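Asks: Structure incoming, see below.
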Amino acid sequence: MVKRTAAGAQEASRVVNAAKDDAETGGQVVADAVAAMGEIEKSSEQIGSIISVIDEIAFQTNLLALNAGVEAARAGEAGRGFAVVAQEVRALAQRSAEAAREIKALILASTQQVDAGVVLVGKTGDALDRIVSQVVKINEVVREIAVSAQNQATGLEQVNTALNQMDQITQQNAAMVEEATAASHALAMEADNLTVLMGQFRIGETPEAQSNRRDLSKGAGVPSNLRPIAQSHARAGSAAAKIDGWDEF
């Protein structure tokens, strides 16, 4: 479970790093957009200046056409054709001035929209910067979680190793106890055998007493329920034999 948590934390850290990179890329795109809008605003201002020049030219053309019409009217019949031309030039100048005013209004509206776009893009850039900062903090937290989970996983592995070693030691101790128990049983059997062998060598005991004691120890001709009584008599006879032997000595 801890290993799974550590792996999940590492995956989350990787995703957060990718999100941070994307946010930084988005911030760079926003910065480029702000710069481009700034260039558009400068171009719009230059176009506005050119339109102002065109408007001034149209105004001056209108004045020249008006003066030409006045001079044509003074010329009378000879200047009538020139008056028509002056009238057309004046009309063109007026249309040019009107078109220039419309273009100037459009450029002004575009400039205002560009300014608003610059403000919005700037706010977007600030938001992306804050997102990048938060993502960096989240990445630090996730990295700490991943490190902690990895440390816990390492600690659990060490605990598991220690438990396995304790289990092995316990099994070894159990085997040693079994061996000691078996050895104790073997020693007890050897002690019993030695006791029997030593019982066969009684100093000062007559051959008849030894024969009787061996028969009683084997239980020959004595029922099982009477063997303790026979053995007690054998012990008594043996003791008497010892006393007799001592007296003889």
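The UniProt record's numbering numbers the first residue of the sequence shown as 1 and each following residue consecutively.
For each residue, glycine too, the CB sits at the ideal point set by N, CA and C.
Nothing here was measured: the structure is a model prediction, and the numbers come from that model.
Quick one: give me the first and last residue of the alpha helix (DSSP H) that residue 178 is part of.
Replies: Counting along the chain, the alpha helix (DSSP H) containing residue 178 begins and ends at 80-199.
Asks: By how many angstroms is the C-alpha of residue 160 removed from the C-alpha of residue 170?
Replies: 15 angstroms
Asks: Taking 7 angstroms as the limit between beta carbons, can you name the residues of its chain near residue 83, skipping five residues before and five after?
Replies: Excluding sequence positions up to five before and after residue 83, its CB lies within less than 7 angstroms of the CB of 69, 72 and 73, all in the same chain and listed in chain order.
Asks: Buried or exposed for residue 13, please, with buried defined as at least 16 other CB atoms from any protein chain shown within 10 angstroms of its CB.
Replies: By the neighbour-count criterion, in which a residue is buried when 16 or more other Cβ atoms sit within 10 angstroms of its Cβ, residue 13 is buried.
Asks: Please report the straight-line C-alpha distance between residue 22 and residue 4, rounded to a whole angstrom.
Replies: Rounded to whole angstroms, residue 22 to residue 4 spans 27 angstroms at the Cα level.
Asks: Determine the direct distance from the alpha carbon of residue 154 to that of residue 9, and round the result to whole angstroms.
Replies: 15 angstroms
Asks: Do you know how far the Cα of residue 136 is from the Cα of residue 17?
Replies: 8 angstroms
Asks: Would you call residue 37 buried or exposed, if buried means 16 or more other Cβ atoms sit within 10 Å of its Cβ?
Replies: buried
Asks: At the level of alpha carbons, what is the spacing between residue 61 and residue 25?
Replies: 53 angstroms
Asks: Spell out a yes or no on whether the stretch 124-132 and the stretch 37-50 are touching, meaning 3 or more CB-CB pairs, one atom from each, closer than 8 angstroms.
Replies: no
Asks: With a Cβ-Cβ cutoff of 8 angstroms, do residue 100 and residue 58 count as a contact?
Replies: yes
Asks: With distance defined between alpha-carbon atoms, name the residue in 88, 111 and 122 nearest to residue 65.
Replies: 88
Asks: Can you list, in chain order, the residues of its chain with a C-beta nearer than 7 angstroms to that of residue 30? Leave out the 5 residues immediately preceding and following it.
Replies: Excluding the 5 residues flanking it on each side, residue 30 has same chain C-beta neighbours closer than 7 angstroms at 121, 124, 125 and 128, in chain order.
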